[in-house]
Amino acid sequence: MKPIEPMEPMPQSTLERLKNNNIIQAWLVLSLALFFGSALAGVQMTLGPKIEENKINETREKVPELVLGKEGAQQMAEAGETLEALPESVVVEKGGKQSTYSVFEALKGGERLGWVVKSSGQGYADKIELLLGLDPAAEKITGIFVLEQKETPGLGNKIVTDAWRGQFVSKGTAQRIAVVKGGNADGPNEINAVTGATISSKAVTDIINLAVADLKGPLAAKGSEGK
Amino acid sequence: MADQPTAIERFVQGILPENPVYRQLLGLCPTLAVTNGLQAAITMSAAVTFVLVCANVITSLIRNLLKPHLRIVIFTLTIATFVTIADRFLAAYLYQMSKVLGPYIPLIIVNCLIICRCEVCASKQGVFTAGADAIGQSLGFCLALCSIAAVREILGTGGLFGIRVLPAAWSDWVIMVLPPGAFLTFGLLLGLVNWYSDRRSGKANRG
């Protein structure tokens, strides 16, 4: 008697193969991702301009304080006077690369009182975005303000406090600003680091040094050009 | 499968008997982080409510299409979408508040309370029950956050909603608005809730 030949494995039907396909199994994930993604794009398109506007409004609100100092800004507000903040952009070229800074020119009745520069850089946790106030000739810092930061709560986020930011006021722009640990800053261009947050303090100082180095020339030139 | 709780049971359970913070100890990151003021606590609760209700409803609608090994991916996707919407919305309409809450709004994505409700309730029960469950749990979460925030704000700053209520003679306990205050308050309130519910169940057993 002839032995029975072993049966060949049944070929998988096309339908079955399709059912076991990874991509087909993930159809719900894929289509939901597509759907949610486009929904989010819609949300961003609707709300994005509003969020930008909020940031610009905050910047404008801070201009008097950054240029005149807190007391100066208060006096001006009490006198019922307002500062005009003229938005401009300054393009700086170095090493073949172009970087654009958004700069606000603070004007009172046509007279230039100073500049406010928006600048950003990498902090300890995330991007730090800040505003830097300069006098009309770009020779002195008149104030800084932190617009956005996600530094460690309790340590790095102390960079937003008035006391720490106040250290930068009336520092000259001729020299780089240096961060000193341990609270012994006494040189004309030294500031104390936030205790336990040297990296955050350095990050802020680096952003300022870079912006000052880039913009000192162009702003001073604009200043001598006149109105 | 055992009988699932009805919509009303789900709703009531979320508020106290299965309070997400005091009974399940879920969602503790925002509980500890944003309870130094009532305003921040209420905004956070509102954001969580929005995300939880939307995620629960969507999950419940598609529950019959879910594959067991892909369900967590879908939960996360859904939650992340609504968290991003909440985050953008706050940045657009409550800019100052969104700066105060900072990274804690995006962090709702990893709030295990929401994924827990998707898994436990929404992926097994109908839309109505899932919605009731989400609202109940959110109310419970809001209650917990507000109770902690009220204690911390009143002891730490002498006021509520930024308005002074304690006499000026009160020296503000600054530690209460700092991180240690969150742990102290939460521990004490948790103890209180446990003691109270123990006493009640003890009475019920004896009675």
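These protein sequence lines are chains W and G, in that order. For the first sequence, the numbering used here begins at 1 and goes up steadily by one. For the second sequence, the numbering used here begins at 228 and goes up steadily by one. Glycine included, every Cβ here is placed at the ideal spot set by N, Cα and C.
Item, Value
"Inter-stretch contact at 8 Å, needing at least 3 Cβ pairs: the region 189–209 of chain W / the region 162–179 of chain W", "yes"
"Against chain W: residues of the region 307–323 of chain G by CB proximity under 7 Å", "Thr-308, Thr-311, Ile-312, Arg-315, Phe-316, Ala-318, Ala-319 and Tyr-322"
"Within chain G, partners of Gln-44 (chain W) - CB distance below 8 Å", "Arg-315"
"Neighbour flag for Leu-32 (chain W) against chain G, beta carbons, 7 Å", "yes"
"Helix, strand or coil at Leu-113 (chain W) [DSSP, three-state]", "strand"
"N- and C-terminal bounds of the beta strand (DSSP E) containing Phe-145 (chain W)", "141–148"
"Gly-172 (chain W), DSSP secondary structure in three states", "strand"
"Contact set between the region 325–354 of chain G and chain W, restricted to residues whose Cβ is under 7 Å from the partner", "Gly-329 and Pro-330"
"Where the beta strand (DSSP E) containing Gly-100 (chain W) begins and where it ends", "Note that residue 100 (chain W) corresponds to Thr in the displayed sequence, not to Gly. Residues 97–108."
"Neighbour-count burial assignment, Thr-59 (chain W), 16 or more Cβ in a 10 Å radius", "buried"
"For Lys-55 (chain W), the three-state DSSP class (helix, strand or coil)", "helix"
"Residues that DSSP places opposite Ser-89 (chain W) in a beta bridge", "W:Ser-102"
"Straight-line gap, Thr-384 (chain G) to Ile-402 (chain G) (C-alpha atoms, nearest Å)", "10 Å"
"Cross-chain neighbours of Asn-21 (chain W) in chain G, by beta carbon under 9 Å", "Simply none; closest approach about 13 Å."
"Cβ-based burial, Glu-105 (chain W) [other Cβ within 10 Å; buried from 16]", "buried"
"Interfacial residues, the region 273–303 of chain G to chain W, with Cβ spacing under 9 Å", "Ile-285, Ile-289, Leu-292, Leu-293, Lys-294, His-296, Leu-297, Val-300 and Ile-301"
"Span of the alpha helix (DSSP H), counted from its first residue to its last, around Glu-236 (chain G)", "234–242"
"Between the CA atoms of Gln-149 (chain W) and Val-222 (chain G) - distance to the nearest angstrom", "Given a span of 228 to 434 for chain G in the structure shown, any question on residue 222 (chain G) remains unanswerable."
"Nearest to Ser-89 (chain W) (by Cα), restricted to the options W:Glu-78, W:Lys-70, W:Val-117 and W:Gly-110", "W:Val-117"
"Euclidean distance between Cα positions of Asp-230 (chain G) and Cys-256 (chain G)", "33 Å"
"Helix, strand or coil at Ser-365 (chain G) [DSSP, three-state]", "helix"
"Straight-line Cα distance separating Ala-307 (chain G) from Ser-428 (chain G)", "39 Å"
"Distance between Lys-351 (chain G) and Ile-362 (chain G) (C-alpha atoms, nearest Å)", "17 Å"
"Reduced DSSP category for Ala-197 (chain W) - H, G, I as helix; E, B as strand; rest coil", "strand"
"Alpha helix (DSSP H) runs contained entirely in the region 244–284 of chain G, provided each spans 4 or more residues", "255–260"
"Integer Cβ distance of Leu-259 (chain G) from Phe-410 (chain G), believed to fall under 8 Å", "7 Å"
"Chain G contact for Phe-168 (chain W) (CB, 7 Å cutoff)", "no"
"Chain-ordered chain G contacts of Lys-150 (chain W) [CB-CB under 7 Å]", "Gly-329 and Pro-330"
"Which of helix, strand or coil DSSP assigns to Ile-192 (chain W)", "The displayed chain sequence assigns Asn, not Ile, to residue 192 (chain W). In this structure, Asn-192 (chain W) counts as strand in the three-state DSSP scheme."
"Unbroken beta strand (DSSP E) run spanning Gly-166 (chain W), endpoints", "Premise fails: Gly-166 (chain W) lies in the alpha helix (DSSP H), 162–166, not in any beta strand (DSSP E)."
"Own chain, CB closer than 7 Å to Ala-234 (chain G), minus 5 neighbours either side, in chain order", "Phe-355, Thr-356 and Ala-359"
"Inter-stretch contact at 8 Å, needing at least 3 Cβ pairs: the region 336–353 of chain G / the region 281–289 of chain G", "yes"
"Residues that DSSP places opposite Gly-391 (chain G) in a beta bridge", "The displayed chain sequence assigns Arg, not Gly, to residue 391 (chain G). For Arg-391 (chain G), which the question treats as bridged, DSSP gives the partners G:Gly-386."
"Host beta strand (DSSP E) of Ile-128 (chain W) (start-end)", "127–134"
"Test item: CB-CB of Ile-342 (chain G) and Phe-368 (chain G) under 7 Å", "no"
"Neighbourhood of Ala-397 (chain G) by C-beta, 7 Å cutoff - its chain only, sequence neighbours within 5 removed", "Here the sequence assigns Trp to residue 397 (chain G), which means Ala is not the residue at that position. If we look at Trp-397 (chain G) and ignore the five residues flanking it on each side, its Cβ neighbours are Gly-385."
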